[in-house]
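First comes the structure, then the notes that go with it.
2 protein chains.
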Amino acid sequence: MKADSISKILKDSALRITPQRIAVLEAILMLNNHPTADNIIQYIKNAYPNIAIGTVYKILDNFVSKGLVNKVKTDSDSMRYDAVTEKHHHLYCYESDRIEDYFNEELDQYLNNYFIKRKIYNFKIEDIKLQIIGKFSDNTNK
Amino acid sequence: MKADSISKILKDSALRITPQRIAVLEAILMLNNHPTADNIIQYIKNAYPNIAIGTVYKILDNFVSKGLVNKVKTDSDSMRYDAVTEKHHHLYCYESDRIEDYFNEELDQYLNNYFIKRKIYNFKIEDIKLQIIGKFSDNTNK
DNA sequence: ATAATTGCAAAAGCTTTGCATGGCC
DNA sequence: GGCCATGCAAAGCTTTTGCAATTAT
Numbered sequence: 001m002k003a004d005s006i007s008k009i010l011k012d013s014a015l016r017i018t019p020q021r022i023a024v025l026e027a028i029l030m031l032n033n034h035p036t037a038d039n040i041i042q043y044i045k046n047a048y049p050n051i052a053i054g055t056v057y058k059i060l061d062n063f064v065s066k067g068l069v070n071k072v073k074t075d076s077d078s079m080r081y082d083a084v085t086e087k088h089h090h091l092y093c094y095e096s097d098r099i100e101d102y103f104n105e106e107l108d109q110y111l112n113n114y115f116i117k118r119k120i121y122n123f124k125i126e127d128i129k130l131q132i133i134g135k136f137s138d139n140t141n142k
Numbered sequence: 001m002k003a004d005s006i007s008k009i010l011k012d013s014a015l016r017i018t019p020q021r022i023a024v025l026e027a028i029l030m031l032n033n034h035p036t037a038d039n040i041i042q043y044i045k046n047a048y049p050n051i052a053i054g055t056v057y058k059i060l061d062n063f064v065s066k067g068l069v070n071k072v073k074t075d076s077d078s079m080r081y082d083a084v085t086e087k088h089h090h091l092y093c094y095e096s097d098r099i100e101d102y103f104n105e106e107l108d109q110y111l112n113n114y115f116i117k118r119k120i121y122n123f124k125i126e127d128i129k130l131q132i133i134g135k136f137s138d139n140t141n142k
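So the protein lines, in turn, are chains P and B. First residue of the first sequence? That's 1 in our numbering, and the numbers climb one at a time after it. First residue of the second sequence? That's 1 in our numbering, and the numbers climb one at a time after it.
Here is the structure:
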């Protein structure tokens, strides 16, 4: 992805355009396995040896609060980040650390309708995310 | 819950019965909002001022590996623990930190069947967990 | 008896914070 | 120019680790 299109994404989110922000966003988009902050920092360091860890965390928080990036919950210590903002679910592989996106509008529709008919007492649903746990049949890490 | 029944649970899981383990398991069962390790430690300290933090973490790991307790992923820093081992999902309230269990066998059946018909390429599903995000209508924290 | 568990304290992550410097608009 | 973002280093939290002492079986 070109720096131009990334700049545009930042501008559209009313974020000041800085080289660090471009680098972080590009890293998340390139590293497709839902990178940790550390993955991102390592990736950036090639082109950008002086970037500060704190800066990356601040940028990530920033992106999250603007809805540009989402946090992905995992069982392990560190938070992972996801630049795909369309509604989707996740496939978790318990063998590798791989997490893949899973899109299925048909199922989302079904679940929406299901919970309209079958309300949960005392709870107003805003979103439903599936954690689909299992194993990839190949062994690549993409 | 009586110490007797808790001892039985430990014995059934082939775990050595110690006062610390009884206290931890009792705490998880009593604190119903999916407690953090720290919640558990605070709870235990009343009756048991000298319990070591490291011990509680070791006990929790132990319980998790025996399947007595499950870890619950959240957006926040700390892991939470769940003593309910039957298949269930979670309601996450984004306002409070409340997490409630949600059981629905009918829906589980449907999802099982759905994914038998509609396989995910390259992925073998072992379990599906719903994260149902929203808001409780009351304001209690139970 | 012996093997596992505990307590303690230190250390190891990951993430946040404060503040002076520098850069974007 | 003014304000916001960055770099740096320190500190905060949660969790893990190692080891000697203690306890369960």
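For each residue, glycine too, the CB sits at the ideal point set by N, CA and C.
Pick helix, strand or coil for residue i, following the three-state DSSP scheme.
i	result
Asp127 (chain P)	strand
Ile51 (chain P)	coil
Arg21 (chain P)	helix
Val56 (chain B)	helix
Lys142 (chain P)	Confidence is the limiting factor: at Lys142 (chain P) the pLDDT is only 45, short of 50, which leaves the residue's position unreliable, though a coordinate-based value still follows. Residue state, collapsed to three classes: coil.
Glu100 (chain B)	strand
Tyr114 (chain P)	helix
Ile120 (chain B)	coil
Asn70 (chain B)	strand
Lys87 (chain B)	coil
Asp82 (chain B)	strand
Tyr43 (chain P)	helix
Glu95 (chain P)	coil
Closer than 7 Å: is that where the CB of residue i sits relative to any heavy atom of the ligand SAM?
i	result
Pro35 (chain B)	With respect to the ligand SAM, the structure shown offers nothing to examine, as it has no ligands at all.
Where does residue i land, buried or exposed, given buried means 16+ other C-beta within 10 angstroms?
i	result
Ile35 (chain P)	Looking at the sequence provided, one finds Pro at residue 35 (chain P) rather than Ile. So Pro35 (chain P) counts as buried.
Glu126 (chain P)	exposed
Gln131 (chain B)	buried
Phe17 (chain P)	One point to set straight first is that residue 17 (chain P) is Ile, not Phe, in the sequence displayed. Flag for Ile17 (chain P) reads exposed.
Arg118 (chain P)	exposed
Ile116 (chain P)	exposed
His124 (chain B)	Contrary to the premise, residue 124 (chain B) reads as Lys rather than His in this sequence. It counts as exposed.
Ile53 (chain B)	exposed
Glu26 (chain P)	buried
Ala83 (chain P)	buried
Glu100 (chain P)	buried
Tyr121 (chain P)	exposed
Lys73 (chain B)	buried
Under 8 Å, Cβ to Cβ, is there at least one residue of chain P near residue i?
i	result
Asn113 (chain B)	no
Phe103 (chain B)	no
Lys142 (chain B)	Because Lys142 (chain B) carries a pLDDT of 45, less than 50, the predicted location of this residue cannot be relied on, and the following value inherits that uncertainty. It does not: the Cβ of Lys142 (chain B) has no partner Cβ on chain P nearer than 8 Å.
Ile22 (chain B)	no
Asp61 (chain B)	no
Thr74 (chain B)	yes
Leu107 (chain B)	yes
Just confirm the distance between the C-beta atoms of residue i and residue j, as a whole number of angstroms; I'd bet it's less than 8 Å.
i	j	result
Asn104 (chain B)	Thr85 (chain B)	Incorrect: roughly 16 Å between the Cβ atoms, too far for contact.
Tyr102 (chain B)	Ile133 (chain B)	Not really, about 12 Å apart at Cβ, beyond 8 Å.
Ile22 (chain P)	Ser7 (chain P)	6 Å
Lys66 (chain B)	Ser13 (chain B)	5 Å
Ser96 (chain P)	Asp38 (chain P)	With 8 Å as the limit, Ser96 (chain P) and Asp38 (chain P) do not qualify as a contact, their Cβ atoms being about 17 Å apart.
Output yes if chain B places a C-beta closer than 8 Å to the C-beta of residue i; else output no.
i	result
Gly134 (chain P)	yes
Lys117 (chain P)	no
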